[in-house]
Every structure is written in C-alpha cells, then in structure tokens.
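A short worksheet on the structure shown next.
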Amino acid sequence: MITKDKKHYIGLIFLICIFIWSLIKPKSYLIWILEAAPLIIGIPVLLLTYKKFKFSNLTYMMILLASCIMLVGGHYSYTEVPLFSWIQKFFSLSRNHYDRVGHFIQGATAALIIREILWKLRIVKQKVWVTIISICMCLAVSAFYEIIEFAITYIVGGEADAFLGMQGDIWDAQWDMICALIGAIVFNFIFGVLGHDEN
0 MITKDKKHYI GLIFLICIFI WSLIKPKSYL IWILEAAPLI IGIPVLLLTY
50 KKFKFSNLTY MMILLASCIM LVGGHYSYTE VPLFSWIQKF FSLSRNHYDR
100 VGHFIQGATA ALIIREILWK LRIVKQKVWV TIISICMCLA VSAFYEIIEF
150 AITYIVGGEA DAFLGMQGDI WDAQWDMICA LIGAIVFNFI FGVLGHDEN
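To convert, note that position 77 of the sequence shown is 76 in numbering that gives the first Met the number 0; the numbers rise steadily by one, no gaps.
Take a look at the structure:
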C-alpha cells in the first residue's frame, strides 16, 4: 500500500525529472530562470516545513501541476509551447493560450495553499471567511506577479519580452488576473463547498 508520504515523494521525484528536462537547452536561460524562480524558492520551503505542516493531497497535486506548467513554460517560453501552438493554428486562434491555462492553475494553487494555511493554523475560524480571504489574497498574488513581470521586463528590456508574454494583447495582464481569479473561485468551490477534507 502506498502511504500519503510515499505519494508525495513520488511526486517530488517526478518533479525533479521534469526540472532536469526543462533545464536542458531551453529557449533562453534567462527566461527559464525567470519562469522557474517561484518554484526554485517555493519547493525548498515546502520541503523544510513538510514535517511541521502538511497540505492535503489535492493541494500537493495542484502544486505539482503548477510546477510542471512553469517548467514547461520556462523551457519553451509560454508563447511557444508546441501543443498550444498547434491548438492555436488548428482553431485559428489569435494567440497561444498556454499562459492562460498557467494563470488559471496558478490561481487555483495559490487559493488552495492560502485556504489550508488559514484553516489549519486557525488564523480564520469561519469557512466562509476562509474562502473569501483566500480568493482575495489569490487575486493580490496574481496582481503582484504581474507587477514583477512588468518590473523585470522594464529593467532587462527586450530580452525578457517572452517572460511578459503579451503576444500583442494590451489587456494581457488583466486577462491573466481574471484567469487566476476564476481558478481560485473554482477550486475553492471544489475544496470547500463540496466538502473536501481539510483536516
């Protein structure tokens, strides 16, 4: 029988494999570093705090998914992920929508992490407020990330344009935040209203 901890270790090994793959000849090492930075910071924090604070399997699964999305986006750049470039051509879309999927998952993952921290540490004791605050904080995280993208692109210049990933859309930042907000709302519904175990 595979225990909860063993599942987490299997997930970690899988993530390490994706990490190594993504690091081999990416489109740009600068873009790879910029895209993978949250993962490079976040995973060690999760490992260091694992014995004291464990998230649910759903949250760890979403962290793994979000991490893989970041690494694939870092390898190809979010605007040139092959599967989504094919989808763009096949459906005659105006852009490669991989970043939209990434921001949806980013919002969902951030909301679940925040929700569990608020609930398990009893920072907020009413589930309605846990839901509202986690959604609001998720939107704040998404907006902060957009500011970081803007700042880095402004400082570094044209070489980091692929990190910004606007693809000619002047409303790209707003759409990214909307996708993150929808992800946060959907997964709060799944986690909370449908009674996912938070203990």
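C-beta atoms are modelled at their ideal positions from N, C-alpha and C, and glycine is treated no differently.
First and last residue of the uninterrupted alpha helix (DSSP H) at residue i
i, result
"His74", "56 to 75"
"Pro25", "Premise fails: Pro25 is in no alpha helix (DSSP H) and is neither H nor E."
"Gln87", "81 to 89"
"Trp118", "97 to 119"
"Ile181", "171 to 187"
"Lys126", "126 to 155"
8 Å CB neighbourhood of residue i in its chain, flanking five on each side removed
i, result
"Lys26", "His74, Tyr75, Ser76, Glu79, Ala161"
"Ser141", "His102, Gln105, Gly106, Ala109, Asp175, Met176, Ala179, Leu180"
"Ala183", "Gly106, Ala107, Ala109, Ala110, Ser133, Ile134, Cys137, Leu138"
"Ile112", "Phe54, Thr58, Ile62"
Assumed close pair residue i, residue j - CB separation to whole angstroms, cut-off 8 Å
i, j, result
"Leu180", "Leu120", "Contact doesn't hold; Cβ gap of about 24 Å is too wide."
"Leu117", "Val127", "Incorrect: roughly 12 Å between the Cβ atoms, too far for contact."
"Asn56", "Lys6", "7 Å"
Residues of its chain near residue i, where Cβ-Cβ distance is below 6 Å and the 5 sequence neighbours each way are ignored
i, result
"Gln87", "Asn95"
"Glu34", "Met69, Gly72, Gly73"
"Leu38", "Ser66, Met69"
"Arg99", "Cys178"
"Ser21", "Leu70, Gly73, His74"
"Ala172", "Glu145"
Own chain, CB closer than 7 Å to residue i, minus 5 neighbours either side, in chain order
i, result
"Tyr97", "Gly72, Tyr77, Val80, Phe83"
"Tyr8", "none"
"Glu115", "Phe54, Ser55, Thr58, Glu197"
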